[in-house]
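J.: Mind looking over this structure? Questions follow.
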Amino acid sequence: MKSDIEIAQSAKMEPIIKVAEKLGLNEEQIEFYGKYKCKISLDVLKSLNEKEDGKLILVTAINPTPAGEGKSTVTVGLGDALRKMGKNSVIALREPSLGPVFGIKGGAAGGGYAQVVPMEDINLHFTGDMHAITAANNLLSAAIDNHIHQGNTLKIDSRRIIFKRVLDMNDRALRNIVVGLGGKANGFLREDGFMITVASEIMAILCLAKDLQDLKERMGNILVAYNLDGEPVYCKDLKVQGAMAMLMKDAIKPNLVQTLENTPALIHGGPFANIAHGCNSLTATKMALKLGDYVVTEAGFGADLGAEKFFDIKCRFGGLKPQCVVIVATVRALKHHGGVKKEDLGTVNVEALAKGIKNLEKQIENVKSFGVPVVVAINRFVTDGEEEHKYIKEFCESMGVKVALADVWAKGGEGGIALGEAVLKTIEEEKSDFHPIYSEELSIKEKVAAIAKNIYGADSVAYSAQANKQIKELEQFGLDKKPICMAKTQYSLSDNPSLLARPSGFEVSVQEVRVSNGAGFIVVLTGNIMTMPGLPKVPAAEKMDILENGEIVGLF
41 MKSDIEIAQS AKMEPIIKVA EKLGLNEEQI EFYGKYKCKI SLDVLKSLNE KEDGKLILVT
101 AINPTPAGEG KSTVTVGLGD ALRKMGKNSV IALREPSLGP VFGIKGGAAG GGYAQVVPME
161 DINLHFTGDM HAITAANNLL SAAIDNHIHQ GNTLKIDSRR IIFKRVLDMN DRALRNIVVG
221 LGGKANGFLR EDGFMITVAS EIMAILCLAK DLQDLKERMG NILVAYNLDG EPVYCKDLKV
281 QGAMAMLMKD AIKPNLVQTL ENTPALIHGG PFANIAHGCN SLTATKMALK LGDYVVTEAG
341 FGADLGAEKF FDIKCRFGGL KPQCVVIVAT VRALKHHGGV KKEDLGTVNV EALAKGIKNL
401 EKQIENVKSF GVPVVVAINR FVTDGEEEHK YIKEFCESMG VKVALADVWA KGGEGGIALG
461 EAVLKTIEEE KSDFHPIYSE ELSIKEKVAA IAKNIYGADS VAYSAQANKQ IKELEQFGLD
521 KKPICMAKTQ YSLSDNPSLL ARPSGFEVSV QEVRVSNGAG FIVVLTGNIM TMPGLPKVPA
581 AEKMDILENG EIVGLF
């Protein structure tokens, strides 16, 4: 069996201008980044303002497991399948981060015969968006410390600096650091730390900004610290938002590539799916909706995190109306939720499947609570038993949702035809009545309760003394009337990763509440959310190499 990179390297890619022409774009509307990548001018979106939007299809999943669900792979495969069926489909994905690429998780470009290419470029530097975000973020960090060093007229309290530096790499040694060592010439001594670039608020802002001016205004609104009087200090007080926006002038433009089957794919942005909303950029999605008749996109982690944030944050800000949601499940993952150990997942076990399928049941209910029709995709693995597929199909039918087997990893678009048919039939037969599940004008605790009780199935929510103090502070400064971005474990519907399937009778514990004021949402942290991952004992980087002829090997 060929590896992902071997499959990608044997692909027959079309010149990117040919891919752009499928979307009605010409050479004047794109900026080439080599032969197979380009950026699309923001003027395209303005010129198509009066054009009717295509149909928006979100791909989400059950709670992820070590067994893997293949959400990105199904997203790519469904886009290819719809094009094979004669539909003008476009895919809208997130950009991979270098940290997971060299760590353990891998990239975000699909797999097998359902991939986006050029795979090596997409998973490495791509068009430099991550580096631009890193530079803009760290310019602000440098400005904060420089302001304090140069006299601190804003009276910034160095003990209450919220904004951190970032790096697009897994590096646990940088989580907690001390800056300003070496005496007076090197600034003031203080504690600091790094996050991974995708956790930066700049990334979240990029993915929610309407245009360059909106991007600049949002960056100016970033809450960076509190002063000695306890009042907020914003990026605009340091007067560097213009320079930051200048660094982002190209990064804000969506990237266009293609799948193995030459389906157009817009890959742009990729905010951390815990600390931020975990979706590709609003600009790329809106552009795809104007350029295609069917847009297939995805959101991070399971439906309780990714889909909820897609609906309550991205769709709310962008005025989007999804027509259908595909929930990806695998036999293996459902058995994991049913208590089966990883080494035994290849053995047929309908009894465990019946226990684990409760997770799928809750995720179906969650999506339906937003008024959007659901289709379940069973992402096929070779170890699956026919009786296991039959059980899932019968269960989904009992819940009144269509279900289809997806074999896109092995067969590409051809393996997604049944899923494509189910999606098209659902869009035709069931009208979307999309609506968020709470009003942003509610109090912070009311909004958190709406998510915790309705989406997670919690009985109650408990707040730490720190969280209660932070909520009062946000209310004091009028920063509380914003959507909620929940940061919790992705592995469970609860905030306890060991509670699998569909737990009940649990309490969600809120440890911290902070505002991403530029992005426009409030981050509510449950448990210990890691914003700077570390490398594993055997990093994926150890298996990667580049040969004398420039060929890359070992990249998945």
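Here the sequence shown is numbered in our numbering, starting from 41 and rising by one per residue. Backbone N, C-alpha and C fix where the C-beta goes; we use that ideal spot for every residue, glycine too. Computed from a predicted structure; not experimentally measured.
1. Given a threshold of 16 other Cβ atoms within 10 Å of its Cβ, counted over all protein chains shown, does Arg199 qualify as buried or as exposed?
2. May I have the straight-line CA-CA distance separating Ala244 from Glu426, to the nearest angstrom?
3. Classify Ala611 as helix, strand or coil using the three-state DSSP reduction.
4. Along the chain, where does the alpha helix (DSSP H) that runs through Asp185 open and close?
5. Write down every uninterrupted run of the beta strand (DSSP E) in the segment 59-146 whose length is 3 residues or greater and which is fully enclosed by it, in chain order.
6. Please classify Lys91 as buried or exposed, where buried requires at least 16 other C-beta atoms within 10 Å of its C-beta.
7. Going by Cα to Cα distance, which pick from His376, Asn210, Ser544 and Leu514 is closest to Lys577?
8. What three-state label does DSSP hand Val578 in the structure shown?
9. Excluding five sequence neighbours on each side, which residues of the same chain lie with their C-beta closer than 6 Å to the C-beta of Leu554?
10. Does DSSP put Val443 in a helix, in a strand, or in coil?
11. Rounded to whole angstroms, what is the Cα-Cα separation between Arg212 and Glu480?
12. Near Met235, what residues of its chain come up, given a Cβ to Cβ distance below 6 Å and the 5 sequence neighbours on each side ignored?
13. Give me, in chain order, the residues of the same chain whose beta-carbon lies closer than 6 Å to that of Lys433; leave out the 5 immediate sequence neighbours on both sides.
14. Where Ile569 and Ser129 are concerned, what is the direct C-alpha to C-alpha distance, given to the nearest angstrom?
15. Give me the residue from Asn399, Arg356 and Lys430 with the minimum Cα distance to Ile524.
16. Considering only the beta carbon of each residue, do Ala60 and Met159 sit closer than 7 Å?
17. What's the gap between the Cα of Leu533 and the Cα of Thr466?
18. At what residue ranges does the segment 438-490 contain a whole run of the beta strand (DSSP E), taking only runs of 3 or more?
19. With a CB to CB cut of under 7 Å and the five nearest residues on each side skipped, what residues in its chain are close to Gly452?
20. Can you name, in chain order, every residue of its own chain whose Cβ lies under 7 Å from the Cβ of Asn494, other than the five neighbours on each side?
21. Since Leu565 sits in a beta bridge, which residues does DSSP pair it with?
22. Based on the DSSP output, what are the partners of Ile404 in its beta bridges?
23. Is the CB-CB distance between Ala339 and Gly358 below 7 Å?
24. Per DSSP, what kind of secondary structure is Leu207 in: helix, strand or coil?
25. With 16 other CB atoms within 10 Å as the buried threshold, where does Pro413 fall?
26. Where Ile201 and Ser81 are concerned, what is the direct C-alpha to C-alpha distance, given to the nearest angstrom?
27. With respect to the alpha helix (DSSP H) encompassing Val371, which residues constitute its N-terminal and C-terminal limits?
28. Would you check if the segment 338-353 and the segment 91-103 touch, i.e. whether three or more CB-CB distances between them fall below 8 Å?
29. Under 8 Å by Cβ, that's how I've got Glu552 and Gln516 pegged, so tell me the actual separation to the nearest angstrom.
30. In whole angstroms, what separates the C-alpha of Tyr76 from that of Asn261?
31. Closest by CA to Val141, which one among Val157, Ile162 and Ile131?
32. Name the two residues that bound the continuous alpha helix (DSSP H) containing Asn163.
33. Taking Arg123 as the reference, give the member of Pro104, Asp333, Leu179 and Lys42 with the closest Cα.
34. Could you please give the first and the last residue of the uninterrupted beta strand (DSSP E) stretch that includes Arg258?
T.: Taking the structure as given:
1. exposed
2. 42 Å
3. In the structure as shown, the chain starts at 41 and stops at 596, and residue 611 therefore has no counterpart that could be examined.
4. Asp169 to His189
5. Runs of the beta strand (DSSP E) inside the segment 59-146: 70-72, 78-80, 95-101 and 129-133.
6. exposed
7. Asn210
8. coil
9. The amino acid at residue 554 is misidentified as Leu; the sequence shows Arg. Same-chain partners within the cutoff: Val563.
10. strand
11. 35 Å
12. Lys204, Val206, Thr571 and Met572
13. In chain order, Val443 place their CB closer than 6 Å to the CB of Lys433, counting only its own chain and leaving out the 5 sequence neighbours on each side.
14. 36 Å
15. Arg356
16. no
17. 27 Å
18. 442-446
19. Gly117, Asp120, Tyr153, Ala154, Leu300 and Glu301
20. Ser409 and Ile477
21. Ala527 and Glu552
22. Bridge partners of Ile404: none, in fact.
23. no
24. strand
25. Classification for Pro413: buried.
26. 36 Å
27. Val371 to His377
28. yes
29. Not really, about 17 Å apart at Cβ, beyond 8 Å.
30. 36 Å
31. Nearest option by C-alpha distance: Ile162.
32. Where Asn163 is concerned, the enclosing alpha helix (DSSP H) stretches over Met159 to Asn163.
33. Checking every option, the nearest Cα to that of Arg123 belongs to Asp333.
34. Counting along the chain, Arg258 sits inside no beta strand (DSSP E); it lies in the alpha helix (DSSP H) bounded by residues Leu252 to Gly260.
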